[in-house]
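Each remark here refers to the structure printed beneath this line.
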DNA sequence: ATGAAGGGTGCACACGTGTGCGAAAATTTG
DNA sequence: CAAATTTTCGCACACGTGTGCACCCTTCAT
């Protein structure tokens, strides 16, 4: 059987109350008694029962984490960042996948609330404003990663997509490109719009035209990027550089370009977004605007823990991406 | 406040005992009473408190999952498989990362046990035989993925690495290669040994020599594969084909080969192991022996649930990998 | 020596759910 | 219609930990 404070109480000849206090209160109990009880607890190999503590104290020391899919390497790093912070602070991670299904996401959040998690982190929510009433009812703080809502229990950490899109496009312009395409994402939602906005802003500033035939959409994955690039290669005139919604899209674009016999970056420059490890797997290695993914997770977790422990915390944090120059971009040939 | 069975009891004018039974026992309560109580519970929006249930019934409906790193795409799919099964059956997933640190792994497993998870799944354990005494003490069933131990509480699901290594090498031989190298992994442990064994077996059967200078080691990641391939390129005579411990290693090997100006598969054939999505990102796409990763996770979870629900279950399952022909292998030029 | 003050400890209850057993109510049996 | 039987329900306790309040035992001041 498992050792409980009652067992310790019996062994020490005191009440379980005294044991409970000796192991935590520290002040109300005579030092000798406390030391004796602690020694016995140690000797018996006592481990407090988190379930009982949760029932009594309303704290489970567990965070709920909701992600769309783990097969997306972006989320993977985020989760890893969350986990590291949580583990260091003694919290557990209850992980659920929503598979981009808003209804499922909703059900998961309610399930997590029922399981009494202390707080919830949602990466790439598909639920939007429908959250707010639910969260008010749940009374559990939520940190959203890369999506934005406002409300009493809602916090967020996000990267500045407009800035990132601007940064990527400016970089291409700086290399001398004047014919720059954008491959977006059907599923990107707000983040796609924002990156696109940054792209347009950079073009406008440089006095470059925004050509509709140079703006196509993928699906945020490799296949979509490939298909989009094939369409783009038929454009006349053909762009000399492409900014892609994310790295997976860019990898697809690169595949299609190589297959069409183009030399990258000589005939075509390609820049991605995210800063995935996967971008270094391909030849040439992918130049990209990196999101601080692990830090997104870290910050989200730290934010949540601050809130839970009653410390002051900002409600919304916006991070800037950084350019990583690798090999897929160069001056127009 | 949250609705409890006491609230329902008050509203229905019965004791909380009756409510408890009406919501589960079903038999001992008069049908009309039961229906009335259920209606009230529904109306009040009652949700049972899993924490209280866990304390009372010793079941948390939660599985612990331990993985080394999520940045390894192999584990990602496994976790996803586990999560799908768990979610469908109403179980939660408590995820922890061990970062390949045996001591941390041990601490995590004990923490999970303290948190009262019903069962534990460990992917790629680094703990080996040190598990057994601990598990006996914990009395919690564990399913190991791709590692093998035996004991009263230990179950396992694994892929047949010897067979996989044999399959890969046989394939290369079948294409006409006679100079076949192996890039292993320093960190691969038993699985590396087994794949190597399959490699040697295939060579032996075909009457091909095992040359020590054609056997080098990476680290199971891209960088290690790259470095290993650079060493291999200096061998004389140079191999015409390489079997790599896993896909990441193979991707590294491919990078190094392309950089050295080799044409793949014309000058060099490369085959990997795992069947990662990432293998399709590179050009040429990677031929590989695929592990049924998601199924590994699924089976592990299903196995664990069978055990928990007292149904009969095999103790050890061994799955076979399958060859996926893509573009990185061809006859020797 | 007596009373007040104060620190140390235990009783009883709380958290929300589940269950053995006995009591009350309803039903069947003689 | 009374007795035996069955059904239906509630009391009390359990799970392991935490806490308000009262009590007891020192210790100190008068």
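Residue numbers (my numbering), protein chains in the order written: chain A, 1264 to 1596; chain B, 1264 to 1596.
Ideal Cβ placement from N, Cα and C applies to all residues, glycine included.
Everything numeric in this text was worked out from a predicted model, so none of it was measured.
Partner residues on chain A for residue i, Cβ-Cβ distance less than 8 Å
i: residue 1508 of chain B; result: The contacting residues do not exist; residue 1508 of chain B stays about 16 Å from chain A at best.
i: residue 1521 of chain B; result: 1546
i: residue 1340 of chain B; result: 1333, 1334
i: residue 1323 of chain B; result: 1314
9 Å Cβ cut-off: residues of chain B touching residue i
i: residue 1518 of chain A; result: 1543, 1544, 1545, 1546, 1548
i: residue 1489 of chain A; result: In chain order: nothing, as chain B lies at least about 10 Å away.
i: residue 1432 of chain A; result: Result: empty, since nearest Cβ-Cβ is about 24 Å, beyond 9 Å.
i: residue 1485 of chain A; result: 1540, 1543, 1544
Buried versus exposed, by CB contacts within 10 Å (16 or more), residue i
i: residue 1522 of chain B; result: exposed
i: residue 1440 of chain A; result: buried
i: residue 1304 of chain A; result: buried
i: residue 1327 of chain A; result: buried
i: residue 1426 of chain B; result: buried
i: residue 1230 of chain B; result: Because chain B is modelled from 1264 through 1596, residue 1230 of chain B falls outside the range shown and cannot be assessed.
i: residue 1578 of chain A; result: exposed
i: residue 1473 of chain B; result: exposed
i: residue 1488 of chain A; result: buried
i: residue 1269 of chain A; result: exposed
i: residue 1538 of chain A; result: buried
i: residue 1541 of chain B; result: buried
i: residue 1389 of chain B; result: buried
i: residue 1302 of chain B; result: exposed
i: residue 1568 of chain A; result: buried
i: residue 1386 of chain A; result: buried
C-alpha distance - residue i paired with residue j, whole-angstrom precision
i: residue 1490 of chain A; j: residue 1459 of chain A; result: 19 Å
i: residue 1313 of chain B; j: residue 1377 of chain A; result: 7 Å
i: residue 1516 of chain A; j: residue 1555 of chain A; result: 23 Å
i: residue 1289 of chain B; j: residue 1397 of chain A; result: 31 Å
i: residue 1505 of chain A; j: residue 1586 of chain A; result: 15 Å
i: residue 1420 of chain B; j: residue 1451 of chain B; result: 17 Å
i: residue 1469 of chain B; j: residue 1431 of chain B; result: 13 Å
i: residue 1337 of chain A; j: residue 1561 of chain A; result: 14 Å
i: residue 1503 of chain A; j: residue 1551 of chain A; result: 17 Å
i: residue 1566 of chain A; j: residue 1583 of chain A; result: 18 Å
i: residue 1448 of chain A; j: residue 1528 of chain B; result: 33 Å
i: residue 1429 of chain B; j: residue 1436 of chain B; result: 10 Å
i: residue 1280 of chain A; j: residue 1267 of chain B; result: 27 Å
i: residue 1291 of chain A; j: residue 1309 of chain A; result: 21 Å
i: residue 1424 of chain A; j: residue 1413 of chain A; result: 18 Å
i: residue 1369 of chain B; j: residue 1298 of chain B; result: 49 Å
i: residue 1481 of chain B; j: residue 1510 of chain B; result: 12 Å
i: residue 1278 of chain A; j: residue 1272 of chain A; result: 5 Å
i: residue 1530 of chain A; j: residue 1501 of chain A; result: 10 Å
i: residue 1588 of chain A; j: residue 1374 of chain A; result: 43 Å
i: residue 1572 of chain A; j: residue 1275 of chain B; result: 39 Å
i: residue 1342 of chain B; j: residue 1520 of chain A; result: 34 Å
i: residue 1443 of chain A; j: residue 1498 of chain A; result: 12 Å
i: residue 1576 of chain A; j: residue 1453 of chain A; result: 25 Å
i: residue 1546 of chain B; j: residue 1316 of chain A; result: 55 Å
Chain A contact residues for residue i, given Cβ-Cβ distances below 7 Å
i: residue 1378 of chain B; result: 1313, 1355
i: residue 1317 of chain B; result: 1314
Supposed close pair residue i, residue j - CB separation, criterion 8 Å
i: residue 1462 of chain B; j: residue 1434 of chain B; result: Actually they do not touch by this definition, with Cβ atoms about 11 Å apart.
i: residue 1357 of chain B; j: residue 1355 of chain A; result: 5 Å
i: residue 1532 of chain B; j: residue 1593 of chain B; result: 6 Å
i: residue 1416 of chain B; j: residue 1402 of chain B; result: 7 Å
i: residue 1300 of chain A; j: residue 1329 of chain A; result: Not confirmed; about 41 Å, so no contact.
i: residue 1339 of chain B; j: residue 1333 of chain A; result: 5 Å
i: residue 1564 of chain A; j: residue 1534 of chain A; result: With 8 Å as the limit, residue 1564 of chain A and residue 1534 of chain A do not qualify as a contact, their Cβ atoms being about 30 Å apart.
Where residue i meets chain B, residues with beta-carbon distance less than 8 Å
i: residue 1343 of chain A; result: 1332, 1333, 1334, 1360
i: residue 1267 of chain A; result: Here the premise fails: no neighbours, minimum Cβ distance about 12 Å.
i: residue 1346 of chain A; result: 1333, 1358, 1359, 1360
Partner residues on chain B for residue i, Cβ-Cβ distance less than 7 Å
i: residue 1310 of chain A; result: 1377
i: residue 1514 of chain A; result: 1544
i: residue 1558 of chain A; result: None at all; the shortest Cβ gap to chain B is about 14 Å.
i: residue 1464 of chain A; result: In chain order: nothing, as chain B lies at least about 30 Å away.
Closer than 9 Å at the beta carbon, the chain A residues around residue i
i: residue 1399 of chain B; result: Per Cβ cutoff of 9 Å: no residues; residue 1399 of chain B is ~14 Å from chain A at best.
i: residue 1554 of chain B; result: Chain A residues near residue 1554 of chain B: none, gap ~15 Å exceeds 9 Å.
Assess contact between the stretch 1370-1388 of chain B and the stretch 1309-1327 of chain B, defined as three or more Cβ pairs (one per stretch) separated by less than 8 Å. Is contact present? In the pairwise beta carbon analysis, the stretch 1370-1388 of chain B is classified as touching the stretch 1309-1327 of chain B: at least three pairs are separated by under 8 Å.
Report yes or no: do the stretch 1336-1349 of chain B and the stretch 1359-1376 of chain A share at least 3 C-beta pairs separated by less than 8 Å? The stretch 1336-1349 of chain B vs the stretch 1359-1376 of chain A: in contact.
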